[in-house]
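Novice: Just passing along the structure, written as structure tokens.
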Amino acid sequence: MGDYDYLIKFLALGDSGVGKTSFLHRYTDNTFTGQFISTVGIDFKEKKVVYKSGRSGYGGRGQRVLLQLWDTAGQERFRSLTTAFFRDAMGFILIFDITNEQSFLNIRDWLSQLKIHAYCETPDIIICGNKSDLENRRQVSTARAKQLADQLGLFL
Numbered sequence: 010m011g012d013y014d015y016l017i018k019f020l021a022l023g024d025s026g027v028g029k030t031s032f033l034h035r036y037t038d039n040t041f042t043g044q045f046i047s048t049v050g051i052d053f054k055e056k057k058v059v060y061k062s063g064r065s066g067y068g069g070r071g072q073r074v075l076l077q078l079w080d081t082a083g084q085e086r087f088r089s090l091t092t093a094f095f096r097d098a099m100g101f102i103l104i105f106d107i108t109n110e111q112s113f114l115n116i117r118d119w120l121s122q123l124k125i126h127a128y129c130e131t132p133d134i135i136i137c138g139n140k141s142d143l144e145n146r147r148q149v150s151t152a153r154a155k156q157l158a159d160q161l162g163l164f165l
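The sequence shown begins at 10 in this note's numbering and counts up one residue at a time.
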């Protein structure tokens, strides 16, 4: 199985331009570029993490987890291509841009697509407000995002 105990596949979903690619690069490589380069089709990044259970998170070898984080194109024209990758996903990150009201409103549409195309009966789903460095242009409050997550039974 390689140098990991578990492989977990997550898909990042959201409108074009919300920062899915930047989010994944920041998490996996701790890098950021302000340039917007639209993802064509699908791409992925990997990160190895060690999960240690218990109150303190210490002790024992822990479980070695390989996270595959799939970056999907947000444009409508690539939708049929990206939905084909939903089937193997164990979780989804629904990303919106905190400076773009419409991207937040479209979270429900992305959730509907996910429910139609995902094979996993009970995938883990997270809502993530992105571009927190643009706080002065915020259109969607944290409280409002939390309210939606609670209403949908999802994590924020």
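All C-beta atoms, glycine included, are put in the ideal place defined by N, C-alpha and C. It should be emphasised that the depicted structure is a prediction, and the values quoted were computed from it without experimental measurement.
Contact check, F101 vs V27 under 8 angstroms by CB: the rounded distance?
Specialist: Within the sequence shown, the letter at position 92 stands for residue 101. Within the sequence shown, the letter at position 18 stands for residue 27. Actually they do not touch by this definition, with Cβ atoms about 14 angstroms apart.
Novice: Relative to the C-alpha of S112, which candidate in V149, Q77 and S31 has its C-alpha closest?
Specialist: Here residue 112 is taken as the residue at index 103 of the sequence shown, counted from 1. For S112, the nearest C-alpha among the options comes from V149.
Novice: G138: which of T108, Q160 and D118 sits nearest, CA to CA?
Specialist: What you label residue 138 is simply residue 129 of the sequence shown in a count that begins at 1. Nearest of T108, Q160 and D118 to G138, Cα basis: T108.
Novice: Can you grab the Cα-Cα spacing for the pair P132 / L16, in whole Å?
Specialist: Your numbering for residue 132 matches position 123 in the sequence shown. Your numbering for residue 16 matches position 7 in the sequence shown. Straight-line Cα distance between these residues: approximately 14 angstroms.
Novice: Where G43 and R35 are concerned, what is the direct C-alpha to C-alpha distance, given to the nearest angstrom?
Specialist: Start at 1 with the first residue of the sequence shown, and residue 43 comes out as number 34. Start at 1 with the first residue of the sequence shown, and residue 35 comes out as number 26. G43 and R35: Cα-Cα distance of roughly 12 angstroms.
Novice: Return the first residue and the last residue of the beta strand (DSSP E) that I135 is part of.
Specialist: Position 126 of the sequence shown, counted from the start, is the residue given in the question as residue 135. It spans D133 to N139 - the beta strand (DSSP E) in which I135 sits, taken as one unbroken run.
Novice: Cβ atoms of F95 and I179: under 7 angstroms apart, would you say?
Specialist: A question about residue 179 goes unanswered here, because the residues of the chain that appear run from 10 up to 165.
Novice: Return the CA-CA distance between L76 and V59, expressed in angstroms with no decimal places.
Specialist: The sequence position of residue 76 within the sequence shown is 67, counting from 1. The sequence position of residue 59 within the sequence shown is 50, counting from 1. Cα-Cα distance, rounded: 10 angstroms.
Novice: Among residues of its own chain, excluding the 5 on either side of Y13, which ones have a beta-carbon nearer than 7 angstroms to its beta-carbon?
Specialist: Reading the sequence shown from its first residue, position 4 is the one you call residue 13. Result list for Y13: K57, R73, V74 and L75, in chain order.
Novice: In terms of alpha-carbon separation, which member of G71, Y128, A158 and N145 lies closest to D97?
Specialist: Start at 1 with the first residue of the sequence shown, and residue 97 comes out as number 88. Here the closest residue by C-alpha is Y128.
Novice: If A21 sits next to D80, beta carbons under 8 angstroms apart, how far is it from one beta carbon to the other, in whole angstroms?
Specialist: Position 12 of the sequence shown holds residue 21. Position 71 of the sequence shown holds residue 80. Going by Cβ atoms, the distance from A21 to D80 rounds to 5 angstroms, so yes, they are a contact pair.
Novice: What is the DSSP secondary structure of T37, reduced to helix, strand or coil?
Specialist: Start at 1 with the first residue of the sequence shown, and residue 37 comes out as number 28. Helix.
Novice: Can we count L161 as close to the ligand ATP, meaning its CB is less than 6 angstroms from some heavy atom?
Specialist: The ligand ATP is not part of the structure shown, which contains no ligands of any sort.
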